[in-house]
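Read through the structure below, which is laid out as structure tokens, and then see the notes.
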DNA sequence: CTTACGATTCCCT
DNA sequence: GGGAATCGTAAGC
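In my numbering, the protein residues as written are 92 to 273.
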């Protein structure tokens with residue numbers, strides 16, 4: 092999978108509706124963000140470092156990092172220096188284990204929340220998707236309507252509309268901007 | 001409903 | 001030593 096990955100913005104859209112599971116827990120990806128190589132908001136912007144080295148490794152692997160000293164965030168690596176942040180999934184598998192890890196609040200709406208619900212560890216950084224306990228399966232058919240908006244929580248390049256979500260689903264991390272009304 | 005803030009780790013300047 | 005791709009809680013409107 093992803094041996095000839097598309098550009099990271101297309102990859103971010105293409106991952107909507109994909110099935111993600113980690114050690115028997117997971118669901119369908121409903122919200123993503125693209126981070127490009129030449130992108131001031133991307134961890135890869137200044138080149139490889141110990142933290143971001145998975146971003147320069149093989150496509151289809153995980154890039155996992157700690158954010159704000161507290162939470163973990165999961166990305167799918169695209170071409171070198173590109174990654175897609177998984178911001179929300181619709182959880183449907185291993186619900187009991189996920190709820191045990193997150194006893195209260197939204198299970199998987201938000202990158203830190205879903206990382207906690209899936210039981211991801213910093214040790215999973217760089218892992219290849221495609222093993223039995225670490226799967227990523229692209230959707231059979233393209234998703235329906237896709238919401239587009241600016242990426243969340245960044246300072247630089249905040250105007251790039253590289254956040255994508257499935258329309259009409261519950262469990263997005265935050266609402267998308269209301270489209271202009273005609 | 002919205003906004004504000006503290007928690008806490010680690011990488012980079 | 002600064003600051004970060006966040007979350008939960010609290011307070012204000």
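All residues carry an ideal CB built from backbone N, CA and C; glycine is no exception. Note that the coordinates shown come from a computational prediction; the quantities given were computed from them, not determined experimentally.
**OP:** Might you give, ordered along the chain, the residues of its own chain that have their beta carbon closer than 8 angstroms to the beta carbon of residue 252, omitting 5 neighbours on each side?
**Re:** 239, 240 and 241
**OP:** Identify, in the order they occur along the chain, each residue of the same chain with its Cβ nearer than 6 angstroms to the Cβ of residue 181, setting aside the five sequence neighbours on each side.
**Re:** 118, 119, 121 and 262
Original post:
In chain order, what residues of the same chain have a beta carbon less than 7 angstroms from the beta carbon of residue 218, not counting five sequence neighbours either side?
Top reply: 152, 153 and 225
Subject >> residue 265 and residue 243 closer than 9 angstroms at C-beta >> reply: yes
Original post:
Mapping DSSP to helix, strand and coil, what is residue 98?
Top reply: coil
**OP:** Per DSSP, which residues does residue 240 bridge with? Please list them.
**Re:** 254
Original post:
Are there three or more Cβ pairs, one per stretch, closer than 8 angstroms when the region 94-112 is compared with the region 220-237?
Top reply: yes
**OP:** Run the CB neighbour count on residue 179, radius 10 Å, all protein chains shown included, and call it buried at 16 or more, exposed below.
**Re:** buried
Subject >> Distance, residue 211 Cα to residue 196 Cα >> reply: 18 angstroms
Original post:
Taking DSSP as the reference, what is the three-state secondary structure of residue 122?
Top reply: strand
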